[in-house]
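Down below is the structure, laid out as structure tokens.
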Amino acid sequence: MEEIAVAVTIVVLVFTFLFRVVTVNGISMLPNFTGGDRLLVTNIHGDLQQGDVVVAVNVLEEPIIKRVIATENQTVDIDFDTGTVYVDGQPLDETQFGLENGITVKVNTSEEMISFPQTVPPGCVFVLGDNRLVSEDSRYMAVGMISTDNILGKVFFRIYPFDQMGVIG
Numbered sequence: 002m003e004e005i006a007v008a009v010t011i012v013v014l015v016f017t018f019l020f021r022v023v024t025v026n027g028i029s030m031l032p033n034f035t036g037g038d039r040l041l042v043t044n045i046h047g048d049l050q051q052g053d054v055v056v057a058v059n060v061l062e063e064p065i066i067k068r069v070i071a072t073e074n075q076t077v078d079i080d081f082d083t084g085t086v087y088v089d090g091q092p093l094d095e096t097q098f099g100l101e102n103g104i105t106v107k108v109n110t111s112e113e114m115i116s117f118p119q120t121v122p123p124g125c126v127f128v129l130g131d132n133r134l135v136s137e138d139s140r141y142m143a144v145g146m147i148s149t150d151n152i153l154g155k156v157f158f159r160i161y162p163f164d165q166m167g168v169i170g
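If you use the numbering used here, the sequence shown corresponds to residues 2 to 170, in order.
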């Protein structure tokens, strides 16, 4: 009985301090993640890199799942006519994320967008959802750059649906 109590305590500590399970809500990360997907997120993420998928808390203190496009001191520019994202003057190859290039379009919305180019401030990241037509992300004033203090963790494993289970990134 003591072994069971120790095992339960260890599992609780691991999932409290090292990992958390997050359920994707919505379609802003299609085609890579869809509503209902369950993801394992590590609280210990170190330096974030371009392409990392993170869970952050937005200004409404709701969790959002987005992809890191640029990190501190990098400059982001978006050519909405061609749908191209530039980081430090170089076009972003979105095929590395399972996306098509040229998908970042200006969405008809009442949300105010930030002006480009933008340099990511120290301690922040610029994030975009994979489904740019519906994603509320760093392009919008309401979200803006995400402080690394507001990042809950980095997605590293999909646990559901089972047929898509596996390591992310």
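All C-beta atoms in this analysis are idealised placements derived from N, C-alpha and C, irrespective of residue type, glycine included.
Beta carbon of MET30 nearer than 8 Å to that of ILE66: Translated into the one-based positions of the sequence shown, residue 30 becomes position 29. Translated into the one-based positions of the sequence shown, residue 66 becomes position 65. Pairing MET30 with ILE66 gives a Cβ-Cβ distance under 8 Å.
Cutoff 6 Å; reference THR76; Cβ partners in own chain excluding five residues on either side: Here residue 76 refers to the residue found at position 75 of the sequence shown. ASP89, PRO118, THR120.
Opposing strand residues paired with ARG39 [DSSP bridges]: Residue numbering aside, residue 39 sits at position 38 when the sequence shown is read from its first letter. DSSP output for ARG39 lists THR24, TYR161 as bridge partner(s).
CA-to-CA distance, VAL23 to ASN44, given in whole angstroms: Here the question's residue 44 lines up with position 43 in the sequence shown. Here the question's residue 23 lines up with position 22 in the sequence shown. If I take the Cα positions, the gap works out to 12 Å.
Cut-off 8 Å between Cβ atoms - residues of its own chain near ASN132, not counting five sequence neighbours on either side: Against the sequence shown, residue 132 aligns to sequence position 131. Counting only residues of its own chain and dropping the five nearest sequence neighbours on each side, ASN132 has a CB closer than 8 Å to the CB of ILE28, SER29, MET30, LEU31, PRO32.
Backbone CA spacing between GLY130 and MET2 [nearest angstrom]: Reading the sequence shown from its first residue, position 129 is the one you call residue 130. Reading the sequence shown from its first residue, position 1 is the one you call residue 2. A straight line joining the alpha-carbon of GLY130 with that of MET2 spans about 47 Å.
Limits of the beta strand (DSSP E) - the one that PHE127 falls within: One-based indexing of the sequence shown puts residue 127 at position 126. Per DSSP, PHE127 belongs to the beta strand (DSSP E) from 125-129.
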